[in-house]
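*Asks:*
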Amino acid sequence: MPLDIPRQAFAVHPIIGAPLGAEVVGLDLSRPLGAEDFSRLHRAHLDHHVLVFRDQHITPAQQVAFSRRFGQLQIHVLRNFQLTGHPEVLIVSNIRENGQPIGLGDAGHFWHSDLSYKETPSLGSILHAQELPAEGGDTLFANQHTAWEALPDDLKREVEGLQAEHWYLAKYEALRQKNPFRPQLTQAQIDEVKPVNHPVVRTHPETGRKALFVSEHFTTRILGVPERRSRALLDALFDHGTRPQHVYRHQWRPHDMVFWDNRSLMHLAAGCPDHLRRKLYRTTIEGDVPF
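At position 50 of the sequence shown (counting the first as 1) the number is 55 in our numbering, and the numbers step up by one without a gap.
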């Protein structure tokens, strides 16, 4: 990246009254981003966990290029919802054309961290609004650093050092029962998302902060403890990690682009009425093996 790219005069404003998140104001991501501006954004992302870029009129190619500044991109297993010409972009949408869905309409139905079911989960995800409904469609983010810090000491002692299983198919059939347009996976796709084990409490590789790393969508059990205790622990952690004091609710505006840290957060799609069109483009950046 050339060093003589002009700097942009942008500001980072923490979201008032929220336990995470900041708005980036005055930055145009359709323009090249110099090293100093990128470094400042990187720091803001680590500090605030969610960055909201307002009014971004960028192409899918520009979204991909910006995302790649943070690392290699991951391709979602549901390849039938890739954006034509841009396999790195997953279409998140409830729109149907010729009776068929153009994107993944029930993405984010349960609290989760993107791609926690992979050996190398996601660093972060970037979602760019294309069409928004007149009502609904919010996205909720839960800070898993503050969730860990507020966890009672006895639970901290019990779960720290334990491993949990994450599996993409944990709730897949249940979702298909509600949404018949969610595709049946081929054997090759099933083989691509075999169960993996990760720490219940992970350490952020860049900040060193600890965070809970289990979710109601993908975490099936805690290893090395009886099944009943595993279920009780997971239920307690899910409930604790999504309490209001840890949550920021993002209400989308036209052309918003939101970049969140999957190592720090879980998120949930609040949903919208089926008859209202919603379409967003998602890119997902590869992280590293949790420890």
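Beta carbons are placed, not taken as given, at the ideal position from N, Cα and C, and that holds for glycine.
Roughly how many whole angstroms lie between the Cα atoms of Gln13 and Trp257?
*Replies:* Start at 1 with the first residue of the sequence shown, and residue 13 comes out as number 8. Start at 1 with the first residue of the sequence shown, and residue 257 comes out as number 252. Roughly 24 Å between the two C-alpha positions.
*Asks:* Kindly give me the distance between the Cβ atoms of Ile10 and Gln68, rounded to whole angstroms, as I take these residues to be in contact under 8 Å.
*Replies:* Residue numbering aside, residue 10 sits at position 5 when the sequence shown is read from its first letter. Residue numbering aside, residue 68 sits at position 63 when the sequence shown is read from its first letter. Rounded, the Cβ-Cβ distance is 18 Å, inconsistent with contact.
*Asks:* Can you tell me whether Leu228 is buried or exposed, with buried defined as 16 or more other CB within 10 angstroms of its CB?
*Replies:* Along the sequence shown, one-based indexing puts residue 228 at 223. That one is exposed.
*Asks:* Taking 8 Å as the cut-off, decide whether the C-beta atoms of Leu5 and Phe75 are in contact.
*Replies:* What is shown of the chain runs 6 to 296, which leaves residue 5 out entirely.
*Asks:* In three-state terms, what does DSSP make of Phe146?
*Replies:* Your numbering for residue 146 matches position 141 in the sequence shown. Note: Phe146 maps to strand in three-state DSSP.
*Asks:* Count the other CB atoms within 10 Å of the CB of Gln250; is the residue buried (16 or more) or exposed (fewer)?
*Replies:* Reading the sequence shown from its first residue, position 245 is the one you call residue 250. Label assigned to Gln250: exposed.
*Asks:* Less than 6 Å between C-beta atoms, sequence neighbours within five positions excluded: which residues of the same chain meet that for Val97?
*Replies:* Taking the first residue of the sequence shown as position 1, residue 97 is located at position 92. So the list reads Gly108, Leu109, Ala112, Leu285 and Arg287, once near-sequence residues are dropped.
*Asks:* Can you give, in chain order, each stretch of the alpha helix (DSSP H) that sits fully within the region 86-174 and has at least 4 residues?
*Replies:* 149-155 and 158-164
*Asks:* Tell whether a beta-carbon distance below 8 Å holds between Phe305 and Leu32.
*Replies:* Only positions 6 to 296 of the chain appear in this structure, which leaves residue 305 out of reach.
*Asks:* Just tell me which of Leu137, Trp172, Val164 and Asp293 has its CA closest to the CA of Leu242.
*Replies:* In the sequence shown, residue 242 corresponds to position 237, counting from 1. The candidate whose alpha carbon is nearest that of Leu242 is Val164.
*Asks:* Short of 6 Å in beta carbon distance, which residues of its chain neighbour Pro210, apart from the five on each side in sequence? Order them along the chain.
*Replies:* Residue 210 sits at position 205 when you count from the first residue of the sequence shown. Contacts found: Asp293.
*Asks:* Could you give the distance in angstroms between the alpha-carbon of Thr144 and the alpha-carbon of His272?
*Replies:* As a working note, residue 144 is residue 139 in the sequence shown. As a working note, residue 272 is residue 267 in the sequence shown. Whole-angstrom Cα-Cα distance: 7 Å.
*Asks:* Short of 6 Å in beta carbon distance, which residues of its chain neighbour Glu314, apart from the five on each side in sequence? Order them along the chain.
*Replies:* The chain is shown from 6 up to 296; residue 314 falls before or after that span and cannot be answered.
*Asks:* Taking the alpha carbon of His150 as the point to measure from, which residue in Asp261, Ala175 and Val219 has its own alpha carbon closest?
*Replies:* Working through the sequence shown from its first residue, we reach residue 150 at position 145. Ranking the options by Cα distance to His150, first place goes to Val219.
*Asks:* Closer than 8 Å is the cut-off here; do at least three beta carbon pairs connect the region 14-30 with the region 43-56?
*Replies:* yes
*Asks:* Between which residues of its own chain and Asn99 is the CB-CB distance below 6 Å, once the five residues before and five after are set aside?
*Replies:* Here the question's residue 99 lines up with position 94 in the sequence shown. Excluding residues within five positions, the ones whose Cβ falls inside 6 Å are Gly110 and Arg283.
*Asks:* Between which two residues does the alpha helix (DSSP H) carrying Asp240 extend?
*Replies:* Mapped onto the sequence shown, residue 240 falls at position 235. From DSSP, the alpha helix (DSSP H) with Asp240 extends over Glu232 to Gly246.
*Asks:* Hey, how far is the Cα of Ala40 from the Cα of Trp172?
*Replies:* Sequence index remark: in the sequence shown, residue 40 carries index 35 (1-based). Sequence index remark: in the sequence shown, residue 172 carries index 167 (1-based). When rounded, the distance between both Cα atoms is 38 Å.
*Asks:* CA-CA distance, Met6 and Leu95?
*Replies:* Numbered from its first residue, the sequence shown carries residue 6 at position 1. Numbered from its first residue, the sequence shown carries residue 95 at position 90. Interpretation of Met6 is limited by its pLDDT of 49, a score under 50 that renders its predicted location unreliable; no figure is taken from the coordinates.
*Asks:* Can you tell me whether His53 is helix, strand or coil according to DSSP?
*Replies:* Looking up residue 53 in the sequence shown gives position 48. The answer is helix: DSSP assigns His53 an H, G or I state.
*Asks:* When you compare only the Cα positions, how much space is there between Phe186 and Asp159?
*Replies:* For this step, residue 186 is matched to residue 181 along the sequence shown. For this step, residue 159 is matched to residue 154 along the sequence shown. Using only the alpha carbons, I get a separation of about 44 Å.
*Asks:* Can you give me the start and stop residues for the beta strand (DSSP E) that Ala216 sits inside?
*Replies:* By one-based count along the sequence shown, residue 216 stands at place 211. Residues Lys215 to Leu217.
*Asks:* Beta carbon of Gly297, beta carbon of Ala237: below 8 Å?
*Replies:* No statement about residue 297 is possible, as the shown extent of the chain runs from 6 to 296 and does not include it.
*Asks:* Quick check: what's the CA-CA separation for Arg48 versus Phe264?
*Replies:* The sequence position of residue 48 within the sequence shown is 43, counting from 1. The sequence position of residue 264 within the sequence shown is 259, counting from 1. Their Cα atoms are separated by approximately 13 Å.
*Asks:* From this set, Leu156, Ser35 and Gln168, which residue's C-alpha is nearest Thr224's C-alpha?
*Replies:* Stepping through the sequence shown from its first residue, residue 224 is reached at position 219. Residue Gln168 is the option with its Cα nearest to Thr224.
*Asks:* What is the DSSP secondary structure of Pro278, reduced to helix, strand or coil?
*Replies:* The residue labelled residue 278 in the question sits at position 273 within the sequence shown. Correct three-state label for Pro278: coil.
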